[in-house]
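Undergrad: Attaching a single structure in structure tokens format; questions to follow.
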Amino acid sequence: MRLDYPPNVRIVNVPCTGRVDMLHLLKAIENGADGVYVAGCHEGECHFQNGNLKAKRRVAAVKEILKEVGLEPERVEMFHVAASDGPGFAAAAREMTERIRRLGPSPVRGAAEEDPLWEGGGAEAMST
Numbered sequence: 058m059r060l061d062y063p064p065n066v067r068i069v070n071v072p073c074t075g076r077v078d079m080l081h082l083l084k085a086i087e088n089g090a091d092g093v094y095v096a097g098c099h100e101g102e103c104h105f106q107n108g109n110l111k112a113k114r115r116v117a118a119v120k121e122i123l124k125e126v127g128l129e130p131e132r133v134e135m136f137h138v139a140a141s142d143g144p145g146f147a148a149a150a151r152e153m154t155e156r157i158r159r160l161g162p163s164p165v166r167g168a169a170e171e172d173p174l175w176e177g178g179g180a181e182a183m184s185t
């Protein structure tokens, strides 16, 4: 069954969102993603103890960095969605896509497009 989420969402699967580093999030923005969200387990339900809490702290730190450099912190978000909750994941994807649509293209995107290795914008999801 195909989940109904926007086609501009690019999924990067990881064993646990605790493995998502701040650099991954920042690099996605630098490379032209209009937004990035991390979809991890509900708090208290991480199979790897506290990986989702690490991810939550890292997302918060990246939001602060974006704010410091003049970008909207709303371009990065953490969603808590059970691994078995496909419709919840799709809803988070639609919510983030709508948020990005309201914010408009990332100002970093223009600079990224000049890079010959640029692969396109949209939202990027890092999910367990």
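Heads up: the sequence shown begins at 58 in the working numbering, then just goes up one per residue.
Even for Gly, the Cβ is constructed at its ideal location relative to N, Cα and C.
(1) Please work out which residues of its chain come closer than 8 Å, Cβ to Cβ, to Lys124, disregarding the five sequence neighbours upstream and downstream, and give them in chain order.
(2) Determine the burial state of Glu155: buried for a count of at least 16 other Cβ atoms within 10 Å of its Cβ, exposed for fewer.
(3) Can the beta-carbon of Arg119 be found closer than 7 Å to that of Val138?
(4) What's the gap between the Cα of Gly160 and the Cα of Ala150?
(5) For the segment 89-175, list the beta strand (DSSP E) runs that are entirely contained and at least 3 residues long, ordered along the chain.
(6) Contact check, Gly75 vs Ala117 under 8 Å by CB: the rounded distance?
(7) Could you tell me how far apart the beta carbons of Asp61 and Ala147 are, in whole angstroms, since I believe they sit closer than 8 Å?
(8) Rounded to whole angstroms, what is the Cα-Cα separation between Phe105 and Cys73?
TA: Concretely, from the data shown:
(1) Pro130
(2) exposed
(3) Note on residue identity: the sequence assigns Val, not Arg, to residue 119. Not in contact: Val119 and Val138 (Cβ atoms no closer than 7 Å).
(4) Sequence inspection shows Leu at residue 160; the Gly mentioned does not correspond to that position. Each residue's alpha carbon lies about 15 Å from the other.
(5) 92-97 and 133-137
(6) The pair is not a contact, with the Cβ atoms about 14 Å apart (cut-off 8 Å).
(7) 5 Å
(8) 7 Å
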